[in-house]
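Numbering (this note's numbering), first residue to last: 5 to 336.
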């Protein structure tokens, strides 16, 4: 949902000012601090089992879901907004989705810290250092407009109790071991966007958030920015994270036992006291053309981490390989 708010000084449009936790007027420069973003109030977890009965549906305004007819992305907008632009593909062909759908509101928000200008320079630094990229890529890449959007993320807290079997090698002999392992998982993130969760490269950006810095949800932080509707529901998000959560627990087991290198870890885990937070997190999305092909990039709007696609060049590979061998054998 893209919030619209008027300036009390001149009647102009107030938009969120990334990095300053405030609203700024595009016309006269009037500035308003957003109280929720400077408060020390933490975003608290909610019980997973009672989510349907306790989750808030109050966005601070009337909301509607609109769907892009070109790529299928669903975003949340102010009900009074008449038109919109899809931040994923740039299409203007967006129509209202199911009007009877009840839209669960987020508990917290991570506001934009990275400005659009800063995102541009992050891209420029990134593009000139891509492995096997064509030599003229940085100069010739035709960058489009950056679109800022809030993306839905569920984070999970859960107490785990695991029975594990593993082995290690000591004095050239295999040693088997069995143990009980207890671990409190905190803020395990699951991106609730099918548009982004399907791309593993871009997904790494969306799991880089400092979720402990989330602030209580306020629509003011969305002024000028749309919000994607979660296309992966709460139950589906939890059910989908099993394999990745299992790998996370295995990693924690390995780090806990510092005396051995554990191999063949097999775990049977029970989960207790499952809680969740529904957050919306900031993303800059852009794409660039090179050699008549389109490449997508995503920048974390909080940390500035960037990932994306870029063209590869066999000529660049051949040249770098030749230079490596020339240098290795001392040719000038």
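Each residue gets a CB set at the ideal place from its N, CA and C atoms; glycine is no exception.
In this text, all values refer to a predicted model and were calculated from it rather than measured experimentally.
Ranked by Cα distance from residue 79, the options 226, 272, 46, 281 are led by 226. For residue 36, no alpha helix (DSSP H) encloses it; the enclosing beta strand (DSSP E) starts and ends at 35-37. A distance below 7 Å between beta-carbons, with the five flanking residues on each side excluded, links residue 317 to the following residues of its chain, in chain order: 136, 137, 138.
Residue range 267-294 is occupied by the beta strand (DSSP E) that includes residue 274. Rounded to whole angstroms, the separation of the alpha carbons of residue 14 and residue 244 is 49 Å. Looking at 264, 160, 122, the one whose alpha-carbon comes closest to that of residue 174 is 264. Within the model, the alpha-carbon separation for residue 306 versus residue 52 is close to 27 Å. Setting aside the 5 residues that flank it on each side, residue 288 is surrounded in the same chain by 123, 150, 152, 303, 305, each with a C-beta closer than 6 Å to its C-beta; the list follows chain order. Excluding residues up to 5 positions away in sequence, 166, 168, 257 lie with their Cβ nearer than 7 Å to the Cβ of residue 185 in the same chain. Within the DSSP secondary-structure output, residue 166 pairs in a beta bridge with 185, 273. The stretch 192-200 makes contact with the stretch 221-237: 3 or more CB pairs, one atom from each, lie closer than 8 Å.
Residue burial is scored here from C-beta neighbours: residue 314 has at least 16 other C-beta atoms within 10 angstroms and is therefore classed as buried. With a cutoff of 7 Å on beta-carbon distance, residue 119 and residue 275 are scored as not near each other. Given a length threshold of 4 residues, each whole run of the alpha helix (DSSP H) inside the stretch 11-50 is given here in chain order: 39-42. By DSSP's assignment, residue 154 forms a beta bridge with 231, 286.
The beta carbon of residue 34 sits closer than 6 Å to the beta carbons of 11, 13 from its chain, once the five residues preceding and following it are set aside; these are given in chain order. In the DSSP secondary-structure assignment, residue 220 is bridged to 112. Rounded to the nearest angstrom, the Cβ distance from residue 116 to residue 286 is 4 Å, consistent with a contact under 8 Å. Within the DSSP bridge table, the entry for residue 304 names 287 as partners. Counted as a single uninterrupted DSSP element, the alpha helix (DSSP H) harbouring residue 120 occupies residues 120-131.
With respect to the 7 Å criterion, residue 279 and residue 49 are classified as neighbours on the basis of their beta carbons. In the displayed model, residue 313 falls within coil according to three-state DSSP, outside both helix and strand.
Residue 299 is bridged by DSSP to 292. The C-alpha of residue 18 lies about 9 Å from the C-alpha of residue 36. The C-alpha of residue 220 is placed about 10 Å away from the C-alpha of residue 39.
Non-local C-beta neighbours of residue 228 in its own chain, meaning closer than 6 Å and more than five positions away in sequence, comprise 19, 20, ordered along the chain. For residue 255, the enclosing alpha helix (DSSP H) covers residues 246-260. With respect to residue 157, residue 193 sits close: the two C-beta atoms are nearer than 7 Å. Each residue's CA atom was taken as its position, placing residue 143 and residue 294 some 10 Å apart. About 6 Å separates the beta carbons of residue 267 and residue 170, which is inside the 8 Å limit, making them a contact pair.
Straight-line spacing of the CA atoms in residue 125 and residue 301 works out to 13 Å. Annotation: residue 137 is outside any alpha helix (DSSP H) and is labelled neither H nor E by DSSP.
In terms of Cβ geometry, residue 211 and residue 47 do not form a close pair [threshold 7 Å]. Taking C-beta atoms under 8 Å as the contact rule, residue 269 and residue 113 fail to qualify, at a distance of about 37 Å.
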